[in-house]
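Asker: I have a structure I would like to understand better, so I am pasting it below and will then ask my questions one at a time.
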Amino acid sequence: MDQKNLIVAIVLSVLIIVGWQAAFPPAKPPVNGSQQQTTGQPGTPQAPTGQPGAPGAPPVAGAPAQIVSRKEALERSPRVTFDTPELVGSIALKGARIDDVNLVKYRVTIDPKSPPVPVLSPVGSAHPYYAEFGWSTSDASIKLPGPDTLWTADRTTVAPGKPVKLTWDNGQGLIFGLDISIDEFFMFDVKQSVENKTDKPVTLYPWSLVVRYGEPPAEGIYILHEGPYGVFNGSLKEFGYSDFKDNKQQKFTTTGGWVGITDKYWMATLVPDQKNKVDVSIKSTGAGSDLKFQFDFVAPATTIAPGTTSTSDSHLFAGAKIVRVIDAYEKKLGIEKFDLTIDWGWFWFFTKPLFWLLEWLYVQLGNFGLSILVLTVIVKAVFFPLANKSYAAMSKMKALQPEMEKLKERFGEDRQRMNQELMQLYRREKVNPAAGCLPIIVQIPVFFALYKVLYTSIEMRHQPFFGWIKDLSAPDPLTIMTGFGLFPWQVPEIFHFFNIGIWPIIMGVTMYLQQKLNPQPTDPVQARVFQFLPILFTFMLAPFAAGLVIYWAWSNILSIAQQYYIMRKHGVQIGGKAKPAVAAVAAPAAASGGGGNTGGGSGGKKGGKGAAKKG
């Protein structure tokens, strides 16, 4: 098989797969095992009493309140505030909601003066998103705390090592408590307690829930999951928001694991006691402006004897998906497969180590762009022996180009005969036409792993390179349609395909130069296709993260240098059209057939003809 045929097949296959996955979302996960798909109750919203519709079921969020500013929404309840190195916000005493969480170190845009990224928001704001913790019971006579309950706090601020205790007396002999603590990162520890001062035992079901109003905008790309997900009985399940249309829900019974909703870089996730068997549900209710998504879990029933206190512990993660922080929580708290909250993909065993190497380089160099360049050199060094063999084979192929052209002239109308002669020529010269493809094949996983790292990990977000690249995770901002920055106007969507940046152009030029060092296909159609590939890839990579394009361009430059050296070492002419004298590389084998000449010029031609006739 011609080397170029294989490369074309690989490239086109990759393009088809990427294009298909980008155009069509992944299929919905199957319903099996302990998973059940049911239809929720679409009736009127639950009254704000906190009472569930059935024993052990948490309440369903009501209709959204009138939208006001975030500041006004926060002022509707007295609050306990917190201000840590990573989070700033407050807890509402009305309803005991954790509903005001903002990231200190992450801004909405690359402008350091832009507002901090909000993770959770109060009811009444534009997009309410909050966590609640409570109890349910089958005894309708027991008063339980609800969304309008005003709790009492033993302090006005909460900080790492300084938890707050919220209490509420139901007036019937039950005292409910919530001990809420926060660590130095993004984890809230919530201990629910009930003290029974009556003369009868009481049975209650502790629950935890998170409600998100409205469907958030998502990038809708196949390689990144955004939406509800969780680990149930050791298995990761991912859902799209569309899986919950018409008030459908998913139910699980699990021991260990977690459940949450993720955006690209941050998430809200509930973590039950890993030793308890809990009932988990993910659902949507309402429609249109009343649409909301809720995930919750219900812990086993607890019977509280008179004069005793019962407790139940759970955690809420509300923050940025920082890899080292996520991994530390998995080990410290024993959370089953908590690392899967970050979408490493099917090839996590390759992608994650690549991330760790890139971050280690960042610690040493202080710039992720430089880290990408050094990573490229490391990848090249790892594949250096393989690439040397490949480029040596390609150099021999290029040296044989004149002989291949002669065969084409002699047997151009007889494709079968020409291919037979080509195979004999390859065997005589001990050339493997597919050898040049192997480095491309083995580096494809590196490319996609780096793409995954750059696209999904928050560590790359808003990281600058040099010059005009202020965010390696975003496309090159200086594009043709903006005059490379001279005309800062909003490019219409219809022209985005032509909106090519400087780095994609550099990448395309380096790809073209590298292509010129490779042996050209004997088929003129293939030759035209390969001439077009640098242009195609320039347009394709224009909307990709700048860091990925920089990696590809730098990789091309290193490949050009390596290939140039090997071609010079093998005496192959570089640049321009190969002269017949280049065929002297193949002359010894041809001469052994009785018709070659080691000289240049016409002698080389005679040797070539002799070899062809013998074949």
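So the sequence shown is residues 467 to 1081, counted in my numbering. We put the CB at the ideal spot given by N, CA and C, even for glycine.
1) Using DSSP's beta-bridge definition, name the partner residues of Y707.
2) Is P594 near Y679, with beta carbons less than 8 Å apart?
3) Closest to Q716 by C-alpha separation, out of P911, K703 and E887, would be which residue?
4) Assuming V624 contacts F548 (C-beta within less than 8 Å), just tell me the rounded distance between them.
5) Taking all protein chains shown into account, decide if Q760 is buried (16 or more other Cβ within 10 angstroms of its Cβ) or exposed.
6) What does the alpha-carbon distance come out to for the pair P738 and F698?
7) So what does DSSP say about K730, is it helix, strand or coil?
8) In whole angstroms, what separates the C-alpha of I1016 from that of K818?
9) Round the Cβ separation of V567 and V585 to the nearest angstrom and send it over; I've been treating them as touching at under 8 Å.
10) Anyone know if the C-beta pair for F964 and M947 falls short of 8 Å?
11) Check each candidate in R573, G722, G590 and P588 and name the one with the smallest Cα separation from P582.
12) In the DSSP output, which residue or residues are listed as bridge partners for L569?
13) Leaving out five residues before and five after R621 in sequence, what residues of the same chain have Cβ atoms less than 6 Å from its Cβ?
14) Going by other Cβ atoms of all chains shown within 10 Å of its Cβ, with 16 needed for buried, is S837 buried or exposed?
15) Just how far apart, CA to CA, sit I910 and L916?
16) Do you know offhand how far A784's Cα is from T735's?
17) Would the beta-carbon of Q867 fall within 8 Å of that of E802?
18) Exposed or buried, which one is I576 when buried takes at least 16 other CB atoms within 10 Å?
19) So the alpha helix (DSSP H) W969 belongs to, where does it begin and stop?
20) Measure the CB-CB distance between I924 and G835 and report whether it falls below 8 Å.
21) Below 8 Å, how does it come out for the segment 762–773 and the segment 661–675: are there three or more Cβ pairs, yes or no?
22) Run through DSSP, which three-state label would I646 get?
23) Quickly, what does DSSP pair W601 with across the bridge? List them, please.
24) With H691 and D809 assumed to form a contact (beta carbons below 8 Å), what rounded beta-carbon distance in angstroms separates them?
25) Along the chain, where does the beta strand (DSSP E) containing E875 start, and where does it finish?
26) So A619 and L632 are supposed to be a Cβ contact under 8 Å. How far apart are they, rounded?
27) Which stretch, first to last residue, makes up the alpha helix (DSSP H) that contains I838?
28) Would the segment 972–987 count as touching the segment 1020–1034 if we require 3 or more Cβ pairs under 8 Å?
29) Roughly how many angstroms lie between the CA atoms of V789 and G693, to the nearest whole one?
30) Give a yes or no on whether the C-beta atoms belonging to F763 and V791 are separated by under 8 Å.
31) Provide the residue(s) that pair with Y695 in DSSP beta bridges, ordered along the chain.
32) Mark K470 as exposed unless 16 or more other C-beta atoms lie within 10 angstroms of its C-beta, in which case mark it buried.
33) Quick check: the segment 745–756 against the segment 814–829, are at least 3 beta-carbon pairs closer than 8 Å?
34) Taking C-beta to C-beta, are A558 and S543 nearer than 8 Å?
35) Excluding the five sequence neighbours on either side, which residues of its own chain have a C-beta within less than 7 Å of the C-beta of S940, listed in chain order?
36) On a Cα-Cα basis, can you pick out the residue from Y695, K749 and I646 that is closest to N713?
Answerer: In short:
1) DSSP lists no partner for Y707.
2) Closer than 8 Å, so yes.
3) The residue with the shortest Cα to Cα distance from Q716 is K703.
4) Their Cβ separation, rounded to whole angstroms, is 5 Å, which keeps V624 and F548 in contact under 8 Å.
5) By the neighbour-count rule (16 or more Cβ atoms within 10 Å), Q760 is buried.
6) Roughly 11 Å between the two C-alpha positions.
7) Coil at K730, not helix or strand.
8) Taking the straight line from one Cα to the other gives about 20 Å.
9) Cβ-Cβ separation between V567 and V585: approximately 4 Å, consistent with a contact (criterion under 8 Å).
10) In this structure, M947 lies closer than 8 Å to F964 by Cβ.
11) It is R573 whose Cα lies nearest to the Cα of P582.
12) Its beta-bridge partners are L553.
13) If you ignore the 5 residues before and after R621, its C-beta comes within less than 6 Å of the C-beta of V630, all in its own chain and listed in chain order.
14) Sixteen is the threshold: when 16 or more other Cβ atoms of the shown chains lie within 10 Å of the Cβ of S837, as they do, the residue is buried.
15) Distance between the alpha carbons of I910 and L916 is about 10 Å.
16) A straight-line Cα-Cα distance of about 7 Å links A784 and T735.
17) The Cβ-Cβ distance between Q867 and E802 does not fall below 8 Å.
18) So I576 counts as exposed.
19) From DSSP, the alpha helix (DSSP H) with W969 extends over I968 to K982.
20) Not in contact: I924 and G835 (Cβ atoms no closer than 8 Å).
21) Remark: three or more beta-carbon pairs, one from each stretch, lie closer than 8 Å, so the segment 762–773 and the segment 661–675 are flagged as touching.
22) Looking at I646 - three-state DSSP - the assignment turns out to be strand.
23) In DSSP, W601 forms a bridge with P672.
24) Confirmed, about 5 Å.
25) Looking at the DSSP string, E875 is not in any beta strand (DSSP E); the run it does join, the alpha helix (DSSP H), is Q867 to F877.
26) With a Cβ gap of about 5 Å, A619 and L632 count as contacting.
27) Taken as a continuous stretch (DSSP letters only), the alpha helix (DSSP H) holding I838 covers F834 to V848.
28) The segment 972–987 is in contact with the segment 1020–1034.
29) V789 and G693: Cα-Cα distance of roughly 19 Å.
30) Cβ distance not < 8 Å, so F763 and V791 don't count as in contact.
31) Answer is E704 and G726.
32) Its pLDDT being 45, under 50, K470 is placed unreliably in this model, and the coordinates cannot settle the point.
33) No, the segment 814–829 is not in contact with the segment 745–756.
34) Using a Cβ distance threshold of 8 Å, A558 and S543 count as a contacting pair.
35) The sequence given here places Ala at residue 940; Ser does not occur at that position. Around A940, the same chain offers A1011 and A1012 as residues with beta carbons nearer than 7 Å, after the five sequence neighbours per side are excluded.
36) Checked all of Y695, K749 and I646; the closest Cα to N713 is K749.
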